[in-house]
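Quick notes on the structure that follows.
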Amino acid sequence: MKLTAPKGTKDILPAVSDLWQYMEEKAKYIFDKSNYQEIRTPIFEATELFCRGVGDSTDIVNKEMYTFIQKDRSLTLRPENTAGVVRAFIEHNMHKLPNPLKLWYKGPMFRYERPQAGRQRQFHQVGVEVFGVKEASIDAEVIQTAIWFLKELGIGGLALEVNNIGCPECRMSHREKIKSSVKPRLEEFCEDCHVRYEKNPLRMLDCKNPKCKELLANEEINNVINEDYICPACSEHFESLKVYLKVLNIDFTVNKRLVRGLDYYNRTVFEITSNALGSQNAVCGGGRYDNLVEMLNGQPTPAVGWAMGMERLLALMNVQIERGLDVFVVSSDTKEALKTVDELRKAGYIADFDPAGKKFGKQLEKASKSNAKYALILGEDEIKAGTYSLKNLQTSEQQTFPKDEALKIIAK
RNA sequence: GCGAGUGUCGCCAAGUGGUCAAGGCAUCGGUUUGUGGUACCGAUAUGCGUGGGUUCAACUCCCAUCACUCGCCCCA
372 MKLTAPKGTK DILPAVSDLW QYMEEKAKYI FDKSNYQEIR TPIFEATELF CRGVGDSTDI
432 VNKEMYTFIQ KDRSLTLRPE NTAGVVRAFI EHNMHKLPNP LKLWYKGPMF RYERPQAGRQ
492 RQFHQVGVEV FGVKEASIDA EVIQTAIWFL KELGIGGLAL EVNNIGCPEC RMSHREKIKS
552 SVKPRLEEFC EDCHVRYEKN PLRMLDCKNP KCKELLANEE INNVINEDYI CPACSEHFES
612 LKVYLKVLNI DFTVNKRLVR GLDYYNRTVF EITSNALGSQ NAVCGGGRYD NLVEMLNGQP
672 TPAVGWAMGM ERLLALMNVQ IERGLDVFVV SSDTKEALKT VDELRKAGYI ADFDPAGKKF
732 GKQLEKASKS NAKYALILGE DEIKAGTYSL KNLQTSEQQT FPKDEALKII AK
């Protein structure tokens, strides 16, 4: 039987690993400059964390988790990382650390779904979580960090949508209003919407079913949706976010139907989409989750964050990475070659040689194909004289130098 | 969970019932045993995802199965 990687997983092969590293280096650069610290949490957690953290009514918890029982404990491969970071925040009393606490992470996530373009069962996310600030200025900063990162990767054609879904209190009354406005024609909505009606009526607003869309376009229902239902405090928060975004010159549109599929969000939610991705067009999603820490039995702490799908970022990046050696050692004497390569590497050069000890011509061919700047020729003559001959593989010029002088030339 | 499409060498592929399964890239060897990248010559699929069936004959037709891809739902 042929062994293959499980459905929805992918090997990251050498052909793309340079790109991954490039992306990760950019992320680290930006997070360092923005005073974020990295956190690494386990790849699996107690199942209960996700049920309580992500939410019982979400698709993620209901049908997408990789859950297994080990010695009577139910464990789950993390489908997202906010719940895990919050768990660590609480467990390690991080509310006592200097405020605000700005964290970033990257790593694999797991969701049991049918794979398609821009969606895998094991995929990677990079994200941030900021704890301890309730002001909208941090929402804006967090969004700005996301946009900076995307720009730094050379990704264009993106659109930012923001919304404020209110706090638990004002959302409750909005829920009821939506339910009552939808109720007369509830029978006509799709099956999923019937479930949403009971569990999370806000989710009905972004149903993709054409019939449901049509029903929602109904004037009366539409009025309820567009009505400014959020309370004065939430409204003020939203207004100041908009001001901060304008100060930062960030373009955005307000989308009142943006609700997002994770239960923990409140107030600010946002999404960055690309028109170049196919149907899974979200590159970045995030928002505020002021109640999650408390819900998981921590000290009440406001928080905001986002996550990006790294595979999707990679699909949008248009970066060529040149890889080449500084020097390739060509020698008829494998012992000398081995020793010389070791010295060159420790002196800071990217160096290699032909371990198979092929014929001179073949070694030079290897040097050329390895995209090396120089071939360092170390034949009998050079060994005797204690010199290196350097051949510039672009210009074909070749000259013999004392060893230390040769090193200086390579460095140029 | 539902719907559609595709599976021929490491990669890209032609062949669509009848000699040896084109070609290109890559790889390896040689021309050239101390001078490469170009050029030329040569090598590389007892097999066309897998298992059945139809036929004198199957990569080509039929059935099943598996894998992958795309879409729905949902998300990053």
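Mapped onto the working numbering, the consecutive letters of the first sequence carry residue numbers 372 to 783. Ideal Cβ positions, reconstructed from N, Cα and C, are used throughout, including at glycine.
Under a 10 Å Cβ-count criterion, Thr624 is classified as exposed, with fewer than 16 other Cβ atoms of the shown protein chains found around its own Cβ. The criterion of a C-beta distance shorter than 8 Å is satisfied by Ala777 and Tyr759. Under the rule that a run must span 4 or more residues, the alpha helix (DSSP H) segments found entirely inside the region 721–749 read 731–740. Using a 10 angstroms sphere on the CB of Pro450, the tally of other CB atoms reaches 16 or more, which defines it as buried. Per the Cβ contact rule, the region 564–584 is not in contact with the region 517–529 (fewer than 3 Cβ pairs under 8 Å). When beta bridges are read from the DSSP output, Phe494 appears opposite Met480. About 7 Å separates the beta carbons of Ala743 and Asp697, which is inside the 8 Å limit, making them a contact pair. Within the region 403–462, the complete beta strand (DSSP E) segments at least 3 residues long are 415–417, 437–441 and 444–448, listed from N- to C-terminus.
Per DSSP, Cys578 lies in no alpha helix (DSSP H) and is assigned neither H nor E.
Nearest to Glu523 by alpha-carbon distance, out of Asn689, Gln441, Asn662 and Glu591, is Asn689. Looking from the CA of Arg542, the closest CA among Arg411, Arg574, Phe439 and Pro471 belongs to Arg574. Closest in alpha carbon position to Gln515, among Lys613, Phe439 and Asp577, is Lys613. For Phe520, the enclosing alpha helix (DSSP H) begins and ends at Ala507 to Glu523. In this structure, the alpha-carbon of Ala488 lies about 17 Å from that of Ile643.
Per DSSP, Pro773 is one residue of the beta strand (DSSP E) stretching across Gln769 to Pro773.
Nearest in C-alpha terms to Thr672, of all of Arg659, Gly680, Glu682 and Arg683, is Arg659. Contact between Val456 and Ile518 does not hold, since their C-beta atoms are separated by about 22 Å, which reaches or exceeds 8 Å. Going by C-alpha positions, Gly750 is about 36 Å away from Gln691. For Val700, the beta-bridge partners assigned by DSSP are Phe724 and Leu747. Unbroken alpha helix (DSSP H) stretches of 4 residues or longer found wholly inside the region 661–715: 663–666 and 681–687, given in chain order. Contact between the region 464–484 and the region 580–595 is absent: fewer than 3 CB-CB pairs across the two stretches fall below 8 Å. Annotation for Glu559: no alpha helix (DSSP H) segment contains it, and DSSP assigns it neither H nor E.
With respect to the C-alpha of Tyr600, the residue from Lys434, Glu562, Lys548 and Asp661 having the closest C-alpha is Lys548. Following the DSSP letters along the chain, one finds Leu761 inside the beta strand (DSSP E) bounded by residues Thr758 to Asn763. The beta carbon of Asp723 is closer than 7 Å to those of Leu696, Phe699, Val712 and Ser741 in its chain, skipping five residues each way along the sequence. Between Cys605 and Cys538, the alpha-carbon positions lie close to 7 Å from each other.
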